[in-house]
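Undergrad: Counting from 4, one number per residue, gives the positions in the sequence shown under this note's numbering.
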Amino acid sequence: MEQIVILDFGSQYTQVIARRIRESNVYSTILPFDAPAAEIALLQPKGLILSGGPASVYAAKAPLPDPGIFGLGVPILGICYGVQIFAQFLGGKVEPGDKREYGKGTLTVVDPECALFANLPGSMQVWNSHGDKLTRLPKGFAIVGTTDNSKYAALENRKKRLFGIQFHPEVVHTPHGRALLANFVHGICGCGKGWTMHNYVDQATAEIRRQVGTDEVILGLSGGVDSSVAAALLHRAIGAQLTCIFVNNGLLRAREADVVREVFGRHFQIRLQYENAAALFLRKLKGVTDPERKRKVIGKTFIDVFQAATQRAGRARFLAQGTLYPDVIESVPIAGNPAAMIKSHHNVGGLPKRMKFKLVEPLRCLFKDEVRLLGDELGLPREIVQRQPFPGPGLAVRCLGEITAAKLSILRVADAIVVEEMKAADLYYRTWQTFAVLLPVRSVGVQGDERTYGFTIAIRAVESQDGMTADWVRLPYELLEKISSRITNEVRGVNRVVFDVTSKPPGTIEWE
4 MEQIVILDFG
14 SQYTQVIARR
24 IRESNVYSTI
34 LPFDAPAAEI
44 ALLQPKGLIL
54 SGGPASVYAA
64 KAPLPDPGIF
74 GLGVPILGIC
84 YGVQIFAQFL
94 GGKVEPGDKR
104 EYGKGTLTVV
114 DPECALFANL
124 PGSMQVWNSH
134 GDKLTRLPKG
144 FAIVGTTDNS
154 KYAALENRKK
164 RLFGIQFHPE
174 VVHTPHGRAL
184 LANFVHGICG
194 CGKGWTMHNY
204 VDQATAEIRR
214 QVGTDEVILG
224 LSGGVDSSVA
234 AALLHRAIGA
244 QLTCIFVNNG
254 LLRAREADVV
264 REVFGRHFQI
274 RLQYENAAAL
284 FLRKLKGVTD
294 PERKRKVIGK
304 TFIDVFQAAT
314 QRAGRARFLA
324 QGTLYPDVIE
334 SVPIAGNPAA
344 MIKSHHNVGG
354 LPKRMKFKLV
364 EPLRCLFKDE
374 VRLLGDELGL
384 PREIVQRQPF
394 PGPGLAVRCL
404 GEITAAKLSI
414 LRVADAIVVE
424 EMKAADLYYR
434 TWQTFAVLLP
444 VRSVGVQGDE
454 RTYGFTIAIR
464 AVESQDGMTA
474 DWVRLPYELL
484 EKISSRITNE
494 VRGVNRVVFD
504 VTSKPPGTIE
514 WE
């Protein structure tokens with residue numbers, strides 16, 4: 004399989020680079036900046052990309068690659084800090100800039116013969132994020148692009164097929180960035196367009212069959228995108244060897260258990276073991292109000308229920324998980340690296356040591372958007388493939404205060420109304436998350452000429468790329484009015500609806 008290897012020097016955009024390469028139908032792999040050249044060579048990459056990063060190449064403990072990468076004989080594209088790497092190893096010079104260059108800039112292409120800029124305009128908007136700048140060209144390089152702040156904004160060693168750019172082509176603020184990266188992977192590295200979900204299905208099913216053989220596999224099916232796509236892929240590969248365990252913890256949204264049983268049990272004919280543990284979870288959560296304590300109780304109870312369920316499922320040797328590529332990429336341990344902070348949000352694993360299984364992770368080389376594409380390829384319904392993220396603890400993080408069956412019932416109906424109206428307005432699938440929150444606040448209202456003392460529902464609608472930051476969505480007033488009217492009229496016990504206009508930061512997406 005043709006691929007491009009990306010060396011990560013700590014940029015917060017490294018994963019974005021990888022995704023942009025894959026959008027050009029070329030597979031990409033992220034490795035630590037100091038990966039040995041010999042190990043890189045074993046992957047037989049068609050080209051290398053050196054990412055940006057927060058460090059200065061002239062610093063005492065600057066992250067530097069194995070010099071052997073320049074002897075691999077493949078094209079190399081250095082982005083931002085990657086340009087400094089050229090200077091460090093190939094005879095150039097980098098110094099602190101008199102003027103830092105952040106945000107939008109205008110690149111002027113001074114050598115239109117450079118293959119990196121094939122079929123691109125001679126002047127284009129780019130996005131900069133750097134304080135250092137090149138002050139002397141590395142040996143064998145020529146200037147191919149300039150900005151107001153740097154005459155070395157783009158450079159090339161045509162003979163050795165080395166390219167450096169001081170801006171970031173991977174971000175949306177560089178409108179022609181995707182085309183530039185496509186020029187690199189296709190025009191310069193000679194890659195085809197073989198990385199597609201259709202091809203991946205064949206490749207992944209073959210790998211699953213090779214790993215599993217004739218043994219049985221268990222998958223914890225939550226109904227979320229990742230576990231659902233993993234279940235469909237595994238079933239395509241090994242059929243009846245797969246058993247999915249679905250635990251109803253009583254904290255699910257309206258009709259969620261029914262949808263999972265319908266889609267996977269009856270439609271796909273997947274062996275589905277349904278564990279109704281709603282009463283147990285509610286009993287364990289009785290009197291618990293602290294958010295972190297709730298999560299711990301739910302997590303421990305789930306493990307206990309799931310472990311008991313696996314013992315009833317048969318003699319499976321493998322446990323499948325919907326681990327994604329961002330969860331398995333190692334953070335780069337560089338001081339000031341934003342990516343390391345972001346990575347700590349994710350966790351891989353979570354299995355207690357007493358559960359003796361070998362792992363199958365059929366999605367571990369995919370990004371989230373690719374998982375959705377794979378779900379489409381496997382024939383999963385849009386309701387599952389394009390569903391919004393849902394927290395592991397379920398409605399427990401949206402029902403503030405003590406969890407009771409009555410409060411969950413109120414929240415389910417209100418949440419279903421929010422989803423129905425968002426879909427009717429054609430906004431649900433274009434929004435990162437939209438949901439209802441039940442607040443532990445009661446207030447006086449007037450309903451049917453009578454005074455009431457009811458709960459308050461908060462509506463949350465946010466837009467995000469990865470869940471790490473988010474902004475509230477400016478929903479139309481008419482839509483908010485309709486949602487509020489339906490909730491106060493149809494949900495018994497609620498007499499007030501409010502709309503959350505808090506971004507992340509300072510708030511979080513979920514309320515607990």
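Think of the CB as a built atom: it goes at the ideal place given N, C-alpha and C, for glycine as much as any other residue.
Let me confirm a value: Thr246 is counted as buried when at least 16 other C-beta atoms fall within 10 Å, else exposed. Which label applies?
TA: Thr246 is buried by the Cβ-count criterion.
Undergrad: Could you tell me the distance, in whole angstroms, from the CA atom of Ala185 to the CA atom of Leu140?
TA: Rounded to whole angstroms, Ala185 and Leu140 show a C-alpha spacing of 25 Å.
Undergrad: For Lys361, report the span of its alpha helix (DSSP H) as first-last.
TA: Premise fails: Lys361 lies in the beta strand (DSSP E), 361-363, not in any alpha helix (DSSP H).
Undergrad: Which ranges would you report for the alpha helix (DSSP H) in the region 225-307 if only whole runs of at least 4 residues count?
TA: Fully enclosed alpha helix (DSSP H) runs of 4 or longer: 228-241, 259-263, 281-288.
Undergrad: Express the C-alpha separation of Leu377 and Phe89 in angstroms, rounding to a whole number.
TA: 38 Å
Undergrad: For Arg258, which option in Ala419, Lys136, Arg320, Asn492 has the closest C-alpha, if you only look at C-alpha atoms?
TA: Ala419
Undergrad: Please confirm whether Thr491 and Arg463 have their CB atoms less than 8 Å apart.
TA: no
Undergrad: Give me the DSSP bridge partner(s) of Pro35.
TA: Beta-bridge partners of Pro35 (DSSP): Asp11.
Undergrad: Would Lys136 be called buried (16 or more neighbouring beta carbons within 10 Å of its own) or exposed?
TA: Its Cβ being crowded by 16 or more others within 10 Å, Lys136 is buried.
Undergrad: Would you give the residue range spanned by the alpha helix (DSSP H) that Asn417 belongs to?
TA: First, the amino acid is wrong: residue 417 is Ala here, not Asn. Run containing Ala417: 408-427, per the alpha helix (DSSP H) assignment.
Undergrad: Pull up the distance between the alpha-carbon of Ile273 and that of Leu222, whole angstroms please.
TA: 11 Å
Undergrad: If you draw a straight line from the alpha carbon of Asp307 to that of Leu283, how long is it in whole angstroms?
TA: 11 Å
Undergrad: Taking the alpha-carbon of Leu398 as reference, which of Val215, Ser506, Asn131, Leu254 has the nearest alpha-carbon?
TA: Comparing Cα positions, the closest option is Leu254.
Undergrad: Near Tyr16, what residues of its chain come up, given a Cβ to Cβ distance below 8 Å and the 5 sequence neighbours on each side ignored?
TA: Hits under 8 Å: Ser54, Gly55, His171, Glu173, Val174.
Undergrad: Please report the residue range of the alpha helix (DSSP H) in which Asn202 lies.
TA: Boundaries of the alpha helix (DSSP H) harbouring Asn202: 200-215, taken from the DSSP string.
Undergrad: Tell me whether Pro509 is buried or exposed, calling it buried when 16 or more other Cβ atoms sit within 10 Å of its Cβ.
TA: exposed
Undergrad: Cα separation between Thr511 and Lys297?
TA: 17 Å
Undergrad: Do the region 278-293 and the region 318-329 touch if we need at least three Cβ pairs shorter than 8 Å?
TA: Flag = no, the region 278-293 and the region 318-329 do not touch.
Undergrad: Starting from the C-beta of Glu364, find all residues in its chain whose C-beta is less than 6 Å away, skip the five residues before and the five after it, and write them out in chain order.
TA: Gln324, Thr326
Undergrad: Output the residue ranges of the beta strand (DSSP E) runs that lie fully inside the region 464-502 and measure 3 residues or longer, sorted by chain position.
TA: List check, beta strand (DSSP E) in window: 497-502.
Undergrad: Does the region 119-127 come within contact of the region 175-194, defined as at least 3 CB pairs closer than 8 Å?
TA: yes
Undergrad: Helix, strand or coil: which one does DSSP assign to Arg25?
TA: In the structure shown, Arg25 falls within a helical segment according to DSSP collapsed to helix, strand and coil.
Undergrad: What are the residues that DSSP puts in a beta bridge with Thr111?
TA: Ser126, Thr149
Undergrad: Which residues mark the beginning and the end of the alpha helix (DSSP H) in which Glu159 is found?
TA: First-last for Glu159: 157-160, but that is the beta strand (DSSP E), not the alpha helix (DSSP H).
Undergrad: Counting along the chain, where does the alpha helix (DSSP H) carrying Val400 start and finish?
TA: Careful: Val400 lies outside any alpha helix (DSSP H) and carries neither H nor E.
Undergrad: By the DSSP assignment, the beta strand (DSSP E) with Gly167 in it spans what residues?
TA: Per DSSP, Gly167 is one residue of the beta strand (DSSP E) stretching across 165-168.
Undergrad: Report yes or no: do three or more beta-carbon pairs, one from the region 260-271 and one from the region 415-429, lie closer than 8 Å?
TA: no
Undergrad: With 16 other CB atoms within 10 Å as the buried threshold, where does Asn279 fall?
TA: exposed
Undergrad: Tell me the DSSP bridge mates of Glu453?
TA: Gln450
Undergrad: How about the region 474-489 and the region 440-450: do they share at least three Cβ pairs that are nearer than 8 Å?
TA: Contact fails: fewer than three Cβ-Cβ distances are below 8 Å.
Undergrad: Taking the alpha helix (DSSP H) that Leu377 falls in, what are its first and last residues?
TA: 371-380
Undergrad: For Pro479, does the count of other Cβ atoms within 10 angstroms reach 16, so buried, or fall short, so exposed?
TA: exposed
Undergrad: Going by C-alpha to C-alpha distance, which of Trp514, Gly448, Tyr431, Gly470 sits closest to Ala461?
TA: Trp514
Undergrad: Let's test the definition: count the other Cβ atoms within 10 Å of the Cβ of Ala417 and tell me whether it reaches 16, buried, or not, exposed.
TA: buried
Undergrad: Can you give me the C-alpha to C-alpha distance between Pro294 and Lys163, rounded to a whole angstrom?
TA: 57 Å
Undergrad: For Asp332, which three-state DSSP category applies?
TA: Position check: residue 332 holds Ile in this sequence, whereas Asp was assumed. Correct three-state label for Ile332: coil.
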